[in-house]
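Sequence positions in the sequence shown follow the numbering used here and run 93 to 225. Below is one structure, written out as structure tokens; the observations come after it.
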Amino acid sequence: MTYVILYAVTFTVFLAIDFLGLSYIVKPVFDKHVPELILDKPRYLPALMFYSFYIGGVLWFVSVPALLDNRSLLWTFGSAAFIGAIAYGTYEFTSLAVTKGWSWEMVVTDLIWGMCLTGVSACAGVAATRAWG
Numbered sequence: 093m094t095y096v097i098l099y100a101v102t103f104t105v106f107l108a109i110d111f112l113g114l115s116y117i118v119k120p121v122f123d124k125h126v127p128e129l130i131l132d133k134p135r136y137l138p139a140l141m142f143y144s145f146y147i148g149g150v151l152w153f154v155s156v157p158a159l160l161d162n163r164s165l166l167w168t169f170g171s172a173a174f175i176g177a178i179a180y181g182t183y184e185f186t187s188l189a190v191t192k193g194w195s196w197e198m199v200v201t202d203l204i205w206g207m208c209l210t211g212v213s214a215c216a217g218v219a220a221t222r223a224w225g
């Protein structure tokens, strides 16, 4: 049951916060630089696949070790933010290298967003699991 709580809370927090961030932080920057690449309506299945897999990775590499070793929430945030930097950085720096119109503003915005989002979501999952699990 502990891992169900951990996954459910981390996933829900990630999804809810990312919806807001994509709508009000990331999308306006992407619309400014590459409006022709942005869909009017997102494709939900690939997004759900990413969220599901990504949260599994965050749990595997950060949240479960934080619980098992009784690591601090600061450690959890920093480790999850590092995973966020790897994941979001891979996408952003690759896109900057090969996509016309990609900008450093897009890279910095999405990279920082991914780091913060991943760190906050992991902390929420670990804190909730410690409280309820």
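C-beta atoms are modelled at their ideal positions from N, C-alpha and C, and glycine is treated no differently.
Using CA atoms only, rank isn't needed, just tell me which of 202, 119, 114, 160 is closest to residue 222. If you number the sequence shown from 1, residue 222 lands on position 130. Out of 202, 119, 114, 160, 160 has the C-alpha closest to the C-alpha of residue 222.
Can you look up residue 134 in the DSSP assignment and give me helix, strand or coil? The residue you call residue 134 lines up with position 42 of the sequence shown. Look at residue 134 here: in three-state DSSP terms it is coil, with no helix or strand label.
So, is residue 144 buried or exposed, given that buried needs 16 or more other C-beta atoms within 10 angstroms? Start at 1 with the first residue of the sequence shown, and residue 144 comes out as number 52. A residue is called buried when at least 16 other Cβ atoms come within 10 angstroms of its Cβ; residue 144 does not meet this threshold and is exposed.
Classification of residue 132 by the beta-carbon crowding that lies within 10 angstroms, buried from 16 upward: Mapped onto the sequence shown, residue 132 falls at position 40. Answer is exposed; the Cβ neighbour count stays below 16.
Report whether the distance from the Cβ of residue 225 to the nearest heavy atom of the ligand FAD is below 7 Å. For the structure depicted, the ligand FAD is absent and the ligand set is empty, with no information on it obtainable.
With distances taken between CB atoms, is the gap from residue 155 to residue 218 smaller than 8 Å? Counting from 1 along the sequence shown, the entry for residue 155 is found at position 63. Counting from 1 along the sequence shown, the entry for residue 218 is found at position 126. Between residue 155 and residue 218, the C-beta gap is smaller than 8 Å, which places the two residues in contact.
Hey, does residue 145 have any beta-carbon neighbour from chain D nearer than 8 Å? Annotation note: the requested chain D is absent from the structure, which comprises a single protein chain.
Can you find the residues in the same chain that come closer than 6 Å, C-beta to C-beta, to residue 165, ignoring five residues on each side of it along the sequence? Residue 165 sits at position 73 when you count from the first residue of the sequence shown. So the qualifying residues of the chain are 215.
Please report the straight-line C-alpha distance between residue 173 and residue 208, rounded to a whole angstrom. By 1-based counting over the sequence shown, the position of residue 173 is 81. By 1-based counting over the sequence shown, the position of residue 208 is 116. Between residue 173 and residue 208, the alpha-carbon positions lie close to 6 Å from each other.
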